[in-house]
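**Student:** This structure is in structure tokens; I'll ask about it shortly.
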Amino acid sequence: MTRITDRPARPHRRARRRFAVPLLAGVLTLAACGGDATLPAEVQGSIAEATTTPTTAAPTCTEAEPAQAAVRTYAPLEALPAPNQMPAGTTMADIAARGQLVVGVSADTLLFGSRNPLSGEIEGFDIDVLKVIARAIFGDDSDDRIVYRVITYAQRLPALEAGDVDIVGHTMTVNCNRWLRIAFSSVYYNAGQKVLVKDGSGFGSVTDLVAAGARVCAPEGSTNIDEINKSKYAGVVVVPKPDISDCLVAMQQGEADATTGDDTVLAGFAAQDPSTRIVGEPFTEEPYGLGISRDRVDLVQFVNAVLDQARLDGTLDEIARTWLVDTGALAEADVPPVPEPDFGRELP
Amino acid sequence: MLVGLALSLGGWYAVDRRDTAISDAASAAAQLIQVQDVRVQVVQADSLASTAYLVGGQEDADQRTAYDERIGAAAAGLLVAAQGATTADAVELETVNRQLARYVGLVEQARANNRQGFPVGAAYQRQAREVASALVESLRAVEQSTRQRVDDSIERAFRASWLLVVTALVSVVAIVLGSWWLAVRWRRLVNVPLAIAGVVALLVLTVGVGVNGRAVSLAGDAVRSELSAADLVAQARAAGFDARSSEALTLINRGNGAAYERAWQLSASVVESALVQACGDHGVGCAALDDHFVYAESHRVVRDLDDAGDWDAAVALATEGVEGFEGVEGFQGEAGSNPPADFARFDQSSGLDVAEQSQAAARSFDLADDALGGLRVLIVLAGLLVAVLGAVGYGQRLREYR
């Protein structure tokens, strides 16, 4: 079930209570001093602090979970149930009964998940993949059936762990560290880390940037910044920013010479700023999967079955074409083929 | 005669000290109102920009005009504030001026990207808001130091009281001693001119202290009541517009407004604390407080809609109110479900309070100033009279001696 955050207590009630005592004290002080005429101190606000649980150190990959096995997921359901006929007792039946699929998405990653400022709708590759899942459950992918929660990069795993969302579709790379906290569907797109440079800057690859000691922007807490911080790129000056879209701003304002990120995200940047272009070959592999709670293995198996069907009937191909080729972001030949699934993961 | 001149000069000095202190307080008070007005204009502009961003390409022409007006008013207000600022504050205000230019640039870029459908506009909008926050912090620092100036000036005015009392008392004592000396020396009981001089000095003592006290209490009251009330309500207004911006930002983060909702609550708590204090202590801002409660209720409705997954309805309600809002049961235009209209009422009532109270404070300062101006002339004349009477009285005795 989706948990909707408890509504906080009404602020004004608290404000009244809190101020009853200082108010009285103020009046008494005033009465005592008589002639004292000073302005009251500046008003400070306060709200009840939510208790935050301390974050524990991220678990690391173990021997039992080698990096290359990260794309391995649970076998799909053998028979895909028809829409609105989810087997009783399953997570899918709960979602169907609720009538809404709650998904965690990006709203500022052009081409994958971004809010169209003209229509207000969130759209993109990830969104279309999530709609395929919604259609399989409800036979309908309208806004009535999908609740979009816009989340940041850093909120992707916590949102799933807290049960705030059913599925995360947010250009999320499948890796073994994340498998320790959540589960993934099969891979639906193979991205890779590249660099975006200013047109005419003369930089043709990440090696050029290293040689020139260029300023390279990357989002804090991402796999992209971990990569560029590695010793083999020691020449570059890394410019960290809270969000990858801040990197495009940094480039436009002359604060950075280049941005490194997934080629998918960079393609969206190039579409927003024609004076930039993506250069060089990908220097990492970033297989994208849908994130699902570890406790909902049945949902993972269901999603894998839906994705398998979408792979076979060409839906995934179609989505890639719509967002990457039709938008002019990539040449048809540069679109990577739909990845083959690996269903070798043992059921828990 | 010397005593008379001393009374004249000393009295002049005492009243002048106090008058200067009171006009310092008055100008600091005007400066406080001015700086707060700039802050309100900026947060108002930012709330318009945030809300406009939410509706994307369909930005309302009226809202755009309103934004331009607010920015223009803030820039003009900064110019005025810079003239009345201390050196330290002037430096801070210069920073504010630069930040304002940067803010306007970032909002423009957010708009330009937004119009083309580029999500990087959101990053510009975010940066613009960061700059606006820094700018508001600078203005708050100037407000704080100006508040201190008001308090210090009023304290100086109070301290200047003893000067006049001492001067007048010394004069009276000197005249009495002089009379006594004359009486002993010439074996006469009363020297009429000197006695009159004594009475005049006594009169100056009473009238002066009275008028002086009235002036200081007028200025003190202006600070304690009208200016305090204007200060509190202006703070509430700034926080109120900040809350309205946060409301728009909770919706830009569709379905995940928790972070900005906390910002909303923080601002709302400032609004309500300030207005509870203004209403309780001064009976001012009570209507604005009620209006804010109503707005808070309608904000709750917006949050509930978004949290429940009905983002479109939440946006329609937040930006257009019930007029642009169809299709959700239970919210058919009753009070507490129309954020733009409810917020506009708060804007209006609080704006009226600030204007009224700051005008009242300025009037009280003027009255105090006028009273002291009259007193100054009176004391100088009285001092001269005492000097003449002293000379006449002593001359009388001298003539008798010859």
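Same order as they appear, the protein sequences are chains D and B.
Residue numbers 421 to 768, in the working numbering, belong to the letters of the first sequence in order.
Residue numbers 15 to 416, in the working numbering, belong to the letters of the second sequence in order.
For every residue, glycine included, the Cβ atom is placed at its ideal position computed from N, Cα and C.
(1) Using 8 Å as the Cβ pair cut-off and three pairs as the minimum, do the region 708-717 of chain D and the region 151-166 of chain B touch?
(2) Does DSSP classify threonine 471 of chain D as helix, strand or coil?
(3) Is there at least one Cβ from chain D nearer than 7 Å to proline 354 of chain B's Cβ?
(4) Starting from the Cα of alanine 405 of chain B, find the closest Cα among B:Ser259, B:Leu120 and B:Ile189 and give me that residue.
(5) Buried or exposed for phenylalanine 763 of chain D, please, with buried defined as at least 16 other CB atoms from any protein chain shown within 10 angstroms of its CB.
(6) Distance, Cα to Cα, serine 22 of chain B vs alanine 215 of chain B?
(7) Going straight from the alpha carbon of leucine 153 of chain B to that of arginine 697 of chain D, what length do you get?
(8) Using a Cβ-Cβ distance under 7 Å, would phenylalanine 357 of chain B count as near chain D?
(9) Check the DSSP bridge columns for phenylalanine 722 of chain D and list the partner residues they point to.
(10) 7 Å is my cut-off, CB to CB: does glutamine 249 of chain B come that close to chain D?
(11) Which same chain residues end up closer than 7 Å to leucine 107 of chain B when comparing Cβ atoms and leaving out the 5 residues on each side of it in sequence?
(12) Under DSSP, the beta strand (DSSP E) around serine 534 of chain D begins and ends at which residues?
(13) What did DSSP end up calling arginine 416 of chain B once you bin it into helix, strand or coil?
(14) Between leucine 398 of chain B and chain D, is the shortest Cβ-Cβ distance under 7 Å, so that the two count as touching?
(15) Considering Cα atoms alone, identify which of D:Tyr708, D:Ala579 and D:Pro639 is closest to alanine 676 of chain D.
(16) Reducing DSSP to helix, strand and coil, say where alanine 99 of chain B ends up.
(17) Applying the criterion that 16 or more other CB atoms from any shown protein chain within 10 Å of the CB defines a buried residue, is alanine 753 of chain D buried or exposed?
(18) Do the CB positions of leucine 265 of chain B and leucine 68 of chain B come within less than 7 Å of each other?
(19) Please confirm whether valine 134 of chain B has its beta-carbon closer than 7 Å to some beta-carbon of chain D.
(20) Kindly indicate which three-state DSSP category isoleucine 542 of chain D falls into: helix, strand or coil?
(21) Can you tell me whether DSSP reads glutamate 151 of chain B as helix, strand or coil?
(22) Which of helix, strand or coil does DSSP assign to lysine 652 of chain D?
(23) State yes or no: is the beta carbon of leucine 412 of chain B nearer than 7 Å to at least one beta carbon in chain D?
(24) From aspartate 737 of chain D to serine 534 of chain D, what distance separates their C-alpha atoms?
(25) Let me know the secondary structure DSSP gives isoleucine 566 of chain D once reduced to three states.
(26) How many Å lie between alanine 42 of chain B and valine 57 of chain B at the Cα?
(27) Going along chain B, which residues have a C-beta under 8 Å from serine 466 of chain D?
(28) Quick check on tyrosine 415 of chain B: buried or exposed, where buried means 16 or more other Cβ atoms within 10 Å of its Cβ?
(29) Is it buried or exposed for valine 315 of chain B, if we count other Cβ within 10 angstroms and need 16 for buried?
(30) Of the residues B:Val308, B:Ala89, B:Ala88 and B:Thr65, which one's Cα is nearest the Cα of arginine 78 of chain B?
(31) Assuming glycine 612 of chain D and glutamate 705 of chain D form a contact by the criterion Cβ under 8 Å, report the distance between their Cβ atoms to the nearest whole angstrom.
(32) Indicate whether the contact test is met: 3 or more Cβ pairs, each with one atom in the region 221-229 of chain B and one in the region 382-392 of chain B, closer than 8 Å.
(33) Within the 7 Å Cβ cut-off, does asparagine 267 of chain B reach chain D?
(34) Residues of chain D with CB under 8 Å from tyrosine 138 of chain B, in chain order?
(35) Between the C-alpha atoms of glycine 622 of chain D and methionine 671 of chain D, what's the straight-line distance to the nearest angstrom?
(36) Can you list the alpha helix (DSSP H) stretches of 4 or more residues lying completely in the region 273-340 of chain B, in chain order?
**Tutor:** Let me lay it out:
(1) Touching, no, given that fewer than three Cβ pairs across the two stretches are closer than 8 Å.
(2) Note that threonine 471 of chain D scores a pLDDT of 44, beneath 50, so its modelled location is shaky and nothing firm can be said.
(3) no
(4) B:Ile189
(5) exposed
(6) 10 Å
(7) 41 Å
(8) no
(9) Beta-bridge pairing links phenylalanine 722 of chain D to no other residue.
(10) yes
(11) Leu92, Ala95, Ala96, Ala99 and Val156
(12) Taken as a continuous stretch (DSSP letters only), the beta strand (DSSP E) holding serine 534 of chain D covers 533-535.
(13) coil
(14) For leucine 398 of chain B, no Cβ of chain D is located within less than 7 Å of the residue's own Cβ.
(15) It is D:Pro639.
(16) coil
(17) Alanine 753 of chain D should be labelled exposed.
(18) yes
(19) yes
(20) strand
(21) helix
(22) Residue state, collapsed to three classes: helix.
(23) no
(24) 20 Å
(25) strand
(26) About 23 Å.
(27) Leu280 and Ser283
(28) exposed
(29) The residue is buried, with at least 16 neighbouring Cβ atoms inside 10 Å.
(30) Closest option to arginine 78 of chain B, Cα to Cα, is B:Thr65.
(31) Their Cβ separation, rounded to whole angstroms, is 6 Å, which keeps glycine 612 of chain D and glutamate 705 of chain D in contact under 8 Å.
(32) yes
(33) yes
(34) Val669
(35) 15 Å
(36) Correct list: 300-321 and 325-334.
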